[in-house]
Amino acid sequence: RLKLVVEPGGAVALAAVLTGKTDCKNKITALILSGGNVDAELFKSVL
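Spelled out as structure tokens, the structure:
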């Protein structure tokens, strides 16, 4: 919905949380998703 583009390396923390590789249960957790400095048309053509 937000149409955000995140570099694979920038999403590693999110992947760890979503797959249960890191324990965040009952903890305050913040993630920084980085990347996305790519032209939308170029990104679409690469996919």
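Just so it is clear: in the sequence shown, position 6 is 1151 by my numbering, and no numbers are missing. The C-beta atom is built at its ideal place from N, Cα and C for all residues, glycine as well.
Bounding residues of the alpha helix (DSSP H) (the contiguous stretch that carries residue i)
i     : result
K1189 : A1185 to V1191
V1151 : Per DSSP, V1151 belongs to no alpha helix (DSSP H) and is neither H nor E.
A1156 : Note, A1156: premise wrong, no alpha helix (DSSP H); not H, not E.
Residue i (DSSP reduced to helix, strand or coil)
i     : result
L1176 : coil
Residue i: CB within 7 Å of a non-hydrogen atom of the ligand ATP
i     : result
L1176 : Of ligands this structure carries none, so the ligand ATP is not represented either.
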